[in-house]
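Top to bottom, those sequences are chains A and B.
Note that numbering that gives the first Met the number 0 gives residue 240 to position 241 of the first sequence, counting from 1, and the numbers run on in steps of one.
Note that numbering that gives the first Met the number 0 gives residue 43 to position 44 of the second sequence, counting from 1, and the numbers run on in steps of one.
There are 2 protein chains.
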Amino acid sequence: MNQELAIIKIGGNVIENKTELTKFLALFAHLNGHKILVHGGGKLATQLASKLGVTSKMVGGRRITDTETLEVITMVYAGLTNKNIVALLQANNCNAIGLSGADGDVIQAHKRPVGEIDYGFAGDVDGVNTPMISKLLDAGLTPVFCAMTHDGNGQLLNTNADTIASELAIGMSEIYDTTLYYCFEKKGVLKDIKDENSVVKHIDSNTYKQLLVAGIIADGMLPKLENCFHALNKKVNKVCIGHPSMLDPENELFTTITL
Amino acid sequence: MNQELAIIKIGGNVIENKTELTKFLALFAHLNGHKILVHGGGKLATQLASKLGVTSKMVGGRRITDTETLEVITMVYAGLTNKNIVALLQANNCNAIGLSGADGDVIQAHKRPVGEIDYGFAGDVDGVNTPMISKLLDAGLTPVFCAMTHDGNGQLLNTNADTIASELAIGMSEIYDTTLYYCFEKKGVLKDIKDENSVVKHIDSNTYKQLLVAGIIADGMLPKLENCFHALNKKVNKVCIGHPSMLDPENELFTTITL
Chain A
0 MNQELAIIKI GGNVIENKTE LTKFLALFAH LNGHKILVHG GGKLATQLAS
50 KLGVTSKMVG GRRITDTETL EVITMVYAGL TNKNIVALLQ ANNCNAIGLS
100 GADGDVIQAH KRPVGEIDYG FAGDVDGVNT PMISKLLDAG LTPVFCAMTH
150 DGNGQLLNTN ADTIASELAI GMSEIYDTTL YYCFEKKGVL KDIKDENSVV
200 KHIDSNTYKQ LLVAGIIADG MLPKLENCFH ALNKKVNKVC IGHPSMLDPE
250 NELFTTITL
Chain B
0 MNQELAIIKI GGNVIENKTE LTKFLALFAH LNGHKILVHG GGKLATQLAS
50 KLGVTSKMVG GRRITDTETL EVITMVYAGL TNKNIVALLQ ANNCNAIGLS
100 GADGDVIQAH KRPVGEIDYG FAGDVDGVNT PMISKLLDAG LTPVFCAMTH
150 DGNGQLLNTN ADTIASELAI GMSEIYDTTL YYCFEKKGVL KDIKDENSVV
200 KHIDSNTYKQ LLVAGIIADG MLPKLENCFH ALNKKVNKVC IGHPSMLDPE
250 NELFTTITL
């Protein structure tokens, strides 16, 4: 039986709301056992870019990362957001260490090849340095990842935080029983989009197909669920989707996904 | 006999000059044995502050760190500068890991008490987490420190990079034979300020007094040298002052200071 590891991804809805962030970090800090936090960047980068007169180009929901945008992202994701989260976790007696993929060479990636769209300095993950991350965990540290990777040749790259979380979960599953938690603004996968409490508590490969046919999983949930099953197929133990409060042991209202 | 450790501090003159930085990082990466890099922030923070309309107040050469300035510093020091240095070191096969004092709780500080001047979020160092930094070194990592600390209660603090370097050297001297290198724009302590090559190659407690009396150590060099002897009195083995190229084994033109 391997040791357990929890990898939790939070996005802008938590990061940008001081009350929510404080609540979440207290819950996260009190989780027992090995854990890793992955955070997105949210609107702060867009706001800073706007103040600096850097135009953020978006195509299909993805930011086009030119040189100036990469600088803004490095400042906000790896600097402001990451270090504040680390300092707040320290205040919660959680010995956090902030990481980009370049730090300790923990996540290598390559610049996305230019196809119909040139995404600029966007990185597609090549691999996770499982032994190094494991050493950090064994040193009693809790890694806090921002959504940045590097190519090993000195170039930092912008990488989607959901992808970083799933790639980390896949990589770490080699030696840990890994559970991946995706926190978002809803309580989980909802049967009825208008009813916040109509959470589907458990999804597996069979029920997934039924939910697809019934049209319950559609739009934005579709890529999220595909991402979850990709991770499960690569030996991640379990994926949970829900509100950040799902880390509260007394909260049972979230979606658990297994194969 | 303890293991050797080199702690090297670079400032704006290296960071802001791409050619100089590339040369320096190649030299640094090729140093044998355990090593730590400490970098200042330089003008980039002032430039960003100015672009964002944040006025940097300076009193006696020290930046007054209000909330907005702290945000700028966190973005530039811990984000842009630190992560780019880490990525460039990785390209030089040096497994660097970027750290603020909050990461791994490696440097705790307290907010400087308000006296005649309110320095804002400026941190005076309380202690260095020698065991944790030692664990990182043993994991094969090369820590790269930016000039930031934390108070353990969630507050990041701005701390002078020279101070971080000397406090690290003092702390690490408990278990390592530590040499502290201060890189700056000159080749060392100069006998004749107008002659770049008139470097005093060796200073000890006795020659230091003579140089003081002769007025050779004055102005900006005075606090630097005081800082060096403070470190030496706290069991740091040796302090070297000179141009970043002093890391080149073939370069012998720099100042070495011992007790």
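The beta-carbon is built from N, C-alpha and C at its ideal position, and this holds for glycine as well.
is_contact[Val-13(A), chain B] using C-beta, thresh 8 Å: By one-based count along the first sequence, residue 13(A) stands at place 14. No - not a single Cβ of chain B is within 8 Å of the one on Val-13(A).
Beta carbon proximity, Leu-167(A) to chain E, threshold 8 Å: In the structure shown, chain E cannot be found, because the protein chains are A and B.
Reduced DSSP secondary structure (H/G/I, E/B, other) of Thr-66(B): As a first step, residue 66(B) is located in the second sequence; it is residue number 67 there, counting from the start. Correct three-state label for Thr-66(B): helix.
Members of the segment 64-88 of chain A near chain B, C-beta cut-off 8 Å: Glu-70, Thr-73, Met-74, Val-75, Tyr-76, Ala-77, Gly-78, Leu-79, Asn-81, Lys-82, Asn-83, Val-85, Ala-86, Leu-87
Local Cβ density within 10 Å of Lys-186(B), reported as buried at 16 or more and exposed below that: By 1-based counting over the second sequence, the position of residue 186(B) is 187. The residue in question, Lys-186(B), is buried, as its Cβ has 16 or more Cβ neighbours within 10 Å.
Beta carbon of Lys-134(B) nearer than 8 Å to that of Ala-138(A): In the second sequence, the residue the question calls residue 134(B) occupies position 135. In the first sequence, the residue the question calls residue 138(A) occupies position 139. Contact: yes.
Cut-off 7 Å between Cβ atoms - residues of its own chain near Ile-174(B), not counting five sequence neighbours on either side: The residue you call residue 174(B) lines up with position 175 of the second sequence. So the list reads Asn-1, Thr-129, Ser-133, once near-sequence residues are dropped.
Extent of the continuous beta strand (DSSP E) to which Lys-8(A) belongs: Reading the first sequence from its first residue, position 9 is the one you call residue 8(A). Looking at the DSSP string, the run of the beta strand (DSSP E) that includes Lys-8(A) is 2-9.
Straight-line gap, Gly-122(B) to Leu-224(A) (C-alpha atoms, nearest Å): Along the second sequence, read from residue 1 onward, the residue named residue 122(B) stands at position 123. Along the first sequence, read from residue 1 onward, the residue named residue 224(A) stands at position 225. Those two C-alpha atoms are separated by around 46 Å.
Residue closest to Asp-102(A), alpha-carbon to alpha-carbon, out of Asp-104(B), Val-188(B), Val-85(B), Met-245(B): Taking the first sequence and counting its residues from 1, the one referred to as residue 102(A) is at position 103. Comparing Cα positions, the closest option is Val-85(B).
Through-space distance from Asn-16(B) to Ala-77(A), alpha-carbon basis: In the first sequence, residue 77(A) corresponds to position 78, counting from 1. In the second sequence, residue 16(B) corresponds to position 17, counting from 1. Rounded to the nearest angstrom, the two C-alpha atoms are 22 Å apart.
Contact check, Lys-200(B) vs Thr-257(B), beta carbons under 8 Å: Taking the first residue of the second sequence as position 1, residue 200(B) is located at position 201. Taking the first residue of the second sequence as position 1, residue 257(B) is located at position 258. Contact: no.
Span of the alpha helix (DSSP H) around Gln-46(A): As a working mapping, residue 46(A) is identified with position 47 in the first sequence. Residues 42-50.
Min CB distance Gln-154(A) to chain B below 8 Å: Within the first sequence, residue 154(A) is the residue found at index 155, counting from 1. So yes, Gln-154(A) belongs to the interface.
Alpha-carbon to alpha-carbon, Asn-232(A) and Glu-70(A): Along the first sequence, one-based indexing puts residue 70(A) at 71. Along the first sequence, one-based indexing puts residue 232(A) at 233. When rounded, the distance between both Cα atoms is 35 Å.
Contact list for Ile-96(B) against chain A, beta-carbon separation under 7 Å: Translated into positions along the second sequence, residue 96(B) becomes position 97. The contacting residues are Asp-102, Gly-103.
Cβ pair Leu-246(A), Leu-30(A) closer than 8 Å: Stepping through the first sequence from its first residue, residue 246(A) is reached at position 247. Stepping through the first sequence from its first residue, residue 30(A) is reached at position 31. It is a contact, given that the beta carbons lie within the stated cut-off.
Val-127(A) versus Asn-196(B) - alpha carbon distance: Translated into positions along the first sequence, residue 127(A) becomes position 128. Translated into positions along the second sequence, residue 196(B) becomes position 197. C-alpha separation (whole angstroms): 48 Å.
Contact under 8 Å by Cβ, Gly-170(B) with Gln-89(A): What you label residue 170(B) is simply residue 171 of the second sequence in a count that begins at 1. What you label residue 89(A) is simply residue 90 of the first sequence in a count that begins at 1. Their beta carbons are not under 8 Å apart, which means Gly-170(B) does not touch Gln-89(A) by this criterion.
Residue nearest to Pro-243(B) in terms of C-alpha spacing, selected from Leu-4(B), Ile-14(B), Glu-3(B): For the purposes of this step, residue 243(B) is taken as the residue at position 244 of the second sequence. Of the listed residues, the one whose Cα sits closest to Pro-243(B) is Ile-14(B).
Residues near Ser-204(A) by beta carbon distance below 7 Å, same chain, minus five either side: Here residue 204(A) refers to the residue found at position 205 of the first sequence. The answer, listed in chain order, is Leu-258.
Boundaries of the beta strand (DSSP E) in which Leu-246(B) is found, first to last residue: Position 247 of the second sequence, counted from the start, is the residue given in the question as residue 246(B). Neither: Leu-246(B) is in no beta strand (DSSP E) and is coded neither H nor E.
Outcome for Ser-259(A) when other beta-carbon atoms lying within 10 angstroms are tallied against a minimum of 16: There is no way to answer for residue 259(A), as the model of chain A reaches only from 0 to 258.
Cβ-based burial, Ile-116(A) [other Cβ within 10 Å; buried from 16]: The residue you call residue 116(A) lines up with position 117 of the first sequence. Counting Cβ neighbours within 10 Å, Ile-116(A) comes out exposed, since fewer than 16 surround it.
Where Leu-167(B) falls, given that 16 or more other Cβ within 10 Å makes a residue buried: For the purposes of this step, residue 167(B) is taken as the residue at position 168 of the second sequence. That one is buried.
Spatial neighbours of Ala-125(B) in its chain, beta-carbon cut-off 8 Å, leaving aside the 5 residues before and after: Taking the second sequence and counting its residues from 1, the one referred to as residue 125(B) is at position 126. Position check: residue 125(B) holds Asp in this sequence, whereas Ala was assumed. Answer for Asp-125(B): Gln-107, Ala-108, His-109, listed in chain order.
Where the beta strand (DSSP E) through Phe-120(B) begins and ends: For the purposes of this step, residue 120(B) is identified with residue 121 of the second sequence, where counting begins at 1. Looking at the DSSP string, Phe-120(B) is not in any beta strand (DSSP E), and its letter there is neither H nor E.
Listed by chain order, chain B residues near Gln-50(A) by CB distance under 7 Å: Against the first sequence, residue 50(A) aligns to sequence position 51. It is Lys, not Gln, that sits at residue 50(A) in the sequence shown. Within chain B, the residues near Lys-50(A) are Leu-51.
Min CB distance Val-140(A) to chain B below 8 Å: Here the question's residue 140(A) lines up with position 141 in the first sequence. Sequence check: residue 140(A) is Leu here, not Val. Yes, because at least one Cβ of chain B sits closer than 8 Å to the Cβ of Leu-140(A).
Cα-Cα separation between Gly-285(A) and Tyr-118(A), rounded to whole angstroms: Residue 285(A) is absent from the structure shown; chain A starts at 0 and stops at 258.
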